[in-house]
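Visitor: Here you go, one structure.
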Amino acid sequence: MRDVAVIGIGMNEKWGELWEKSFRTIFVEAALNAIDDAKIDKIDAMYIGCMSGGLFVGQEHIGSLLADYLGTGPIPATRIESACASGGLAFRQAFIDVASGMSDIVLAGGVEKMLDVDGGATTYALSTAADQEYECFHGITFPGLYAMIANAHMHKYGTTRKQLAQVAVKNHKNGSMNPRNQFPFETDIDSVINSVMIADPLTIMDCSPVTDGAAAVILCPLDLAKEKFKDHPVIQVIGSGHATDSIALHSRKDLTWLSAVELSGKNTYKMADKNPSDIDVCEVHDCFTIAEICATEALGFFEPGKGGMAVQDDVTAIEGKIPINTSGGLKSKGHPVGATGIAQILEITEQLRGDSGKRQVKDAKIGMTQNMGGSGGSSVCHILEVK
Amino acid sequence: MGITARNWREYPQRYRMEAAKCNKCGKIFFPPRLVCNECGNREFEQVKLAGEGKLKTFTVIRVAPSNFIDEQPYAVGIVELTDGVSTLMQITDCDPDELSIGMRVKIEFRKVQTEGDAGILMYGYKAVPLRE
Chain A
16 MRDVAVIGIG
26 MNEKWGELWE
36 KSFRTIFVEA
46 ALNAIDDAKI
56 DKIDAMYIGC
66 MSGGLFVGQE
76 HIGSLLADYL
86 GTGPIPATRI
96 ESACASGGLA
106 FRQAFIDVAS
116 GMSDIVLAGG
126 VEKMLDVDGG
136 ATTYALSTAA
146 DQEYECFHGI
156 TFPGLYAMIA
166 NAHMHKYGTT
176 RKQLAQVAVK
186 NHKNGSMNPR
196 NQFPFETDID
206 SVINSVMIAD
216 PLTIMDCSPV
226 TDGAAAVILC
236 PLDLAKEKFK
246 DHPVIQVIGS
256 GHATDSIALH
266 SRKDLTWLSA
276 VELSGKNTYK
286 MADKNPSDID
296 VCEVHDCFTI
306 AEICATEALG
316 FFEPGKGGMA
326 VQDDVTAIEG
336 KIPINTSGGL
346 KSKGHPVGAT
356 GIAQILEITE
366 QLRGDSGKRQ
376 VKDAKIGMTQ
386 NMGGSGGSSV
396 CHILEVK
Chain B
70 MGITARNWRE
80 YPQRYRMEAA
90 KCNKCGKIFF
100 PPRLVCNECG
110 NREFEQVKLA
120 GEGKLKTFTV
130 IRVAPSNFID
140 EQPYAVGIVE
150 LTDGVSTLMQ
160 ITDCDPDELS
170 IGMRVKIEFR
180 KVQTEGDAGI
190 LMYGYKAVPL
200 RE
């Protein structure tokens, strides 16, 4: 297997309600930014994470459409779907393609145009990531599934309502320094707790938003990166892991434990020959505040049940021992589901390059990403290191 | 037509809570499966799930999917039945404030939703708190 590097990153100037731009336009915009950042003149293959082009914009056959509009020529272009982990999985497939020797310059992208349909249709499209016949049939929603995880976590470990809110407060504080974000503003604990209740105990400020957005990164063999692409520090992908679990929450033995996150994390640490304590900065899948707490426990940063206390004690702040979601996370950045996993790679690459401005984690050398599908039915992790 | 067949196909589970018990390791699957994910066995015995259990977790849905908007707010939980099988269902005939994790519930046959423009009534199981 060849060593692989990330040589280019790009996203839209801003994520959010991009009324004036189409599905294909937001993707091409992000992809061109990545191509310009890498200074490449050709792409050998591309992988696009997109959860539900069919339900959000009535568009399937996305690989070919986007390759055409990006002007790549008739290259192999593959759409990857694993619900909200589609972007992370597209990156992993691009990594495998380069590592295997099949392709040299590969684009990994993600795109979702979620605001062309009304709220009910959005809720329905997202709910297709859960078990249609045995979860959705009974009227459950995604906030509802994570609310049930939150209640189980609070019951088992004593995690508090305030600790959940502190995840949102921290991520919005980080996000206030990231102008690309959909909601780059700060908030406070009372505002989170007192906002509109969606599914007890989660309010709207515990939930990531609905977003139009795209992101793209360029990968190539490490040797080629060192030889030809010297404008940026070389960022190597040193670990990749992917795992699945039952998509029905009720089929899991422990409702507070994300096994797919744990396993994808372990496989990634093993490949990278690193431990949780080696990670300087990490982007996790905070689709809901409780998700960040569970993910940081499953990745081994904290003991089971201690994730809430870690947020309370500022351990996960930018200045903390393990900064989590320096970008602002899904919470502040927005969550165009297929694009999220790629935007996580973008944030970590920027951090390792030292280009994160006010959000910069001091001396960040090793960074990690964790991207999750559904209520934890799939998870993809990566570890990147500056060489 | 699709939704009718799709609902009808699930009648044994939605109406009668029919499950499949692995002949080899005894694990019960709801809904039935073709292969046991514990031991790989493909032979099953049909069993009916227990009619009682306890709440493992729950929430109150305040913002519902479009086909449940008339019902909101309503409680949904994961019930662990006395035979060890856990599954998700609505919790009905209750004030959401009286619900707690560990609470005992019984299973009842109820209307779950009215589907689409044709208004197809879809029935299934719901949990009702057991009051001592």
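So the sequence lines, in the order shown, correspond to chains A and B.
Just so you know, the working numbering puts 249 at position 234 of the first sequence, and the rest follows in order with no gaps.
Just so you know, the working numbering puts 112 at position 43 of the second sequence, and the rest follows in order with no gaps.
Beta carbons: idealized from backbone N, C-alpha and C, even for Gly.
Going by C-alpha to C-alpha distance, which of A:A379, A:G353 and A:A354 sits closest to A:E365?
Guide: Position 350 of the first sequence, counted from the start, is the residue given in the question as residue 365 of chain A. For A:E365, the closest of A:A379, A:G353 and A:A354 by C-alpha to C-alpha distance is A:A379.
Visitor: Does chain A have any CB closer than 7 Å to the CB of B:E87?
Guide: Taking the second sequence and counting its residues from 1, one reaches residue 87 of chain B at position 18. Not closer than 7 Å to any Cβ of chain A, the Cβ of B:E87 fails to qualify, so no.
Visitor: Quick one: is B:C94 buried, meaning 16 or more other Cβ sit within 10 Å of its Cβ, or exposed?
Guide: Residue mapping note: residue 94 of chain B aligns to position 25 of the second sequence, counting from 1. Answer is exposed; the Cβ neighbour count stays below 16.
Visitor: State the DSSP-derived secondary structure class of B:R85, mapped to helix, strand or coil.
Guide: By 1-based counting over the second sequence, the position of residue 85 of chain B is 16. Helix at B:R85.
Visitor: Does the contact criterion of 3 or more C-beta pairs under 8 Å hold for the segment 112-119 of chain A versus the segment 127-142 of chain A?
Guide: no
Visitor: Report the residues of the segment 105-121 of chain B with a CB closer than 7 Å to any CB of chain A, ordered along the chain.
Guide: none
Visitor: If I measure Cβ to Cβ from B:T76 and keep anything under 6 Å in the same chain, skipping five residues before and after, which residues do I get?
Guide: Taking the second sequence and counting its residues from 1, the one referred to as residue 76 of chain B is at position 7. With the sequence shown as reference, residue 76 of chain B is identified as Asn, and Thr is not the correct amino acid for it. So the list reads M191, once near-sequence residues are dropped.
Visitor: When you compare the segment 277-292 of chain A with the segment 131-150 of chain A, are there three or more beta-carbon pairs, one atom per stretch, that lie closer than 8 Å?
Guide: no
Visitor: Could you tell me whether the Cβ atoms of A:G356 and A:G102 are closer together than 7 Å?
Guide: Your numbering for residue 356 of chain A matches position 341 in the first sequence. Your numbering for residue 102 of chain A matches position 87 in the first sequence. Their beta carbons are under 7 Å apart, which means A:G356 touches A:G102 by this criterion.
Visitor: Note down, in chain order, every chain A residue with its Cβ under 9 Å from the Cβ of B:E140.
Guide: Walking along the second sequence from the start, residue 140 of chain B turns up at place 71. Going along chain A in sequence order, the residues near B:E140 (Cβ under 9 Å) are G154.
Visitor: Can you grab the Cα-Cα spacing for the pair A:D83 / A:A109, in whole Å?
Guide: Working through the first sequence from its first residue, we reach residue 83 of chain A at position 68. Working through the first sequence from its first residue, we reach residue 109 of chain A at position 94. Each residue's Cα considered, the two are about 19 Å apart.
Visitor: Quick check on A:H76: buried or exposed, where buried means 16 or more other Cβ atoms within 10 Å of its Cβ?
Guide: Here residue 76 of chain A refers to the residue found at position 61 of the first sequence. When all chains shown are included, A:H76 counts as exposed.
Visitor: Would DSSP call B:R75 helix, strand or coil?
Guide: Here residue 75 of chain B corresponds to residue number 6 of the second sequence, with the count starting at 1. If DSSP states are grouped into helix, strand and coil, B:R75 belongs with the helices.
Visitor: Suppose the cutoff is 7 Å on Cβ atoms and the five residues either side in sequence are ignored; what does the same chain contact list for B:L103 look like?
Guide: Position 34 of the second sequence holds residue 103 of chain B. For B:L103, where only same-chain residues beyond five positions count, the Cβ hits under 7 Å are R111.
Visitor: List the endpoints of the continuous beta strand (DSSP E) containing A:E127.
Guide: Residue numbering aside, residue 127 of chain A sits at position 112 when the first sequence is read from its first letter. Counting along the chain, the beta strand (DSSP E) containing A:E127 begins and ends at V121 to K128.
Visitor: Could you tell me whether the Cβ atoms of A:C396 and A:G256 are closer together than 7 Å?
Guide: Within the first sequence, the letter at position 381 stands for residue 396 of chain A. Within the first sequence, the letter at position 241 stands for residue 256 of chain A. Yes, Cβ-Cβ distance for A:C396 and A:G256 is below 7 Å.
Visitor: Among A:I22, A:I24 and A:W30, which one has its Cα closest to the Cα of A:P351?
Guide: The sequence position of residue 351 of chain A within the first sequence is 336, counting from 1. For the residues A:I22, A:I24 and A:W30, the minimum Cα distance to A:P351 belongs to A:W30.
Visitor: B:P137 touches chain A at which residues, Cβ-Cβ below 7 Å?
Guide: The residue labelled residue 137 of chain B in the question sits at position 68 within the second sequence. Looking at the sequence shown, residue 137 of chain B is not Pro but Phe. Going along chain A in sequence order, the residues near B:F137 (Cβ under 7 Å) are G154.
Visitor: If A:S371 and A:N196 are in contact, beta carbons under 8 Å, what's the gap, nearest whole angstrom?
Guide: Counting from 1 along the first sequence, the entry for residue 371 of chain A is found at position 356. Counting from 1 along the first sequence, the entry for residue 196 of chain A is found at position 181. 13 Å between Cβ atoms; not a contact.
Visitor: Would you say A:A109 lies against chain C (beta-carbon separation less than 7 Å)?
Guide: Considering every chain present, this structure includes no chain C. Its protein chains are A and B.
Visitor: For A:C309, which of helix, strand or coil comes out of DSSP?
Guide: In the first sequence, counting from the first residue as 1, residue 309 of chain A sits at position 294. Note: A:C309 maps to helix in three-state DSSP.
Visitor: Return the CA-CA distance between B:Y80 and B:F113, expressed in angstroms with no decimal places.
Guide: One-based indexing of the second sequence puts residue 80 of chain B at position 11. One-based indexing of the second sequence puts residue 113 of chain B at position 44. Rounded to the nearest angstrom, the two C-alpha atoms are 19 Å apart.
Visitor: For the beta strand (DSSP E) holding A:G64, just list the boundary residues, first then last.
Guide: Looking up residue 64 of chain A in the first sequence gives position 49. Where A:G64 is concerned, the enclosing beta strand (DSSP E) stretches over A60 to G64.
Visitor: Can the beta-carbon of A:I63 be found closer than 7 Å to that of A:G124?
Guide: Along the first sequence, one-based indexing puts residue 63 of chain A at 48. Along the first sequence, one-based indexing puts residue 124 of chain A at 109. Cβ distance < 7 Å, so A:I63 and A:G124 count as in contact.
Visitor: Any idea if A:V376 is buried or exposed, counting beta-carbon neighbours within 10 angstroms, 16 or more meaning buried?
Guide: One-based indexing of the first sequence puts residue 376 of chain A at position 361. A:V376 comes out buried.
Visitor: Using a Cβ-Cβ distance under 7 Å, would B:I130 count as near chain A?
Guide: By one-based count along the second sequence, residue 130 of chain B stands at place 61. Interface residue, yes.
Visitor: DSSP three-state label for B:Y143, please.
Guide: Counting from one through the second sequence, the residue named residue 143 of chain B turns up at place 74. B:Y143 falls in the strand class under three-state DSSP.
Visitor: Helix, strand or coil for A:I337? Go by DSSP, reduced to three states.
Guide: Your numbering for residue 337 of chain A matches position 322 in the first sequence. It is coil, neither helix nor strand.
Visitor: Given this structure, state the Cα-to-Cα distance separating B:M70 from A:A358, to the nearest angstrom.
Guide: For this step, residue 70 of chain B is matched to residue 1 along the second sequence. For this step, residue 358 of chain A is matched to residue 343 along the first sequence. Unreliable positioning characterises B:M70 in this predicted model, as indicated by a pLDDT of 42, which lies under 50. The coordinate reading is nonetheless provided below. Here the alpha carbon of B:M70 sits roughly 41 Å from the alpha carbon of A:A358.
Visitor: Of all the CB atoms in chain B, is at least one closer than 7 Å to the CB of A:N282?
Guide: The sequence position of residue 282 of chain A within the first sequence is 267, counting from 1. Not a single C-beta of chain B is nearer than 7 Å to the C-beta of A:N282.
Visitor: So with Cβ pairs under 7 Å, would you call B:E177 a contact of chain A?
Guide: Counted from its first residue, the second sequence places residue 177 of chain B at position 108. Not one chain A Cβ lies under 7 Å of B:E177.
Visitor: How about B:I97: is its C-beta nearer than 7 Å to some C-beta of chain A?
Guide: Locating residue 97 of chain B in the second sequence gives position 28, where the first residue counts as 1. Chain A, which has no Cβ nearer than 7 Å to the Cβ of B:I97, makes this no.
Visitor: Strictly under 7 Å for the Cβ-Cβ distance: is A:G124 near chain B by that measure?
Guide: Position 109 of the first sequence, counting from 1, holds the residue named residue 124 of chain A. So, not an interface residue.
Visitor: For A:Q327, report the span of its alpha helix (DSSP H) as first-last.
Guide: What you label residue 327 of chain A is simply residue 312 of the first sequence in a count that begins at 1. Note, A:Q327: alpha helix (DSSP H), G322 to Q327.
Visitor: Name the residue from A:E362, A:L179 and A:G353 whose alpha carbon lies nearest to the alpha carbon of A:Y161.
Guide: Within the first sequence, residue 161 of chain A is the residue found at index 146, counting from 1. Selected option, being the one with the closest Cα: A:L179.
Visitor: When we look at the beta-carbon of B:Y108 and count the other beta-carbons within 10 Å, is it buried (16 or more) or exposed?
Guide: What you label residue 108 of chain B is simply residue 39 of the second sequence in a count that begins at 1. Contrary to the premise, residue 108 of chain B reads as Cys rather than Tyr in this sequence. Exposed.
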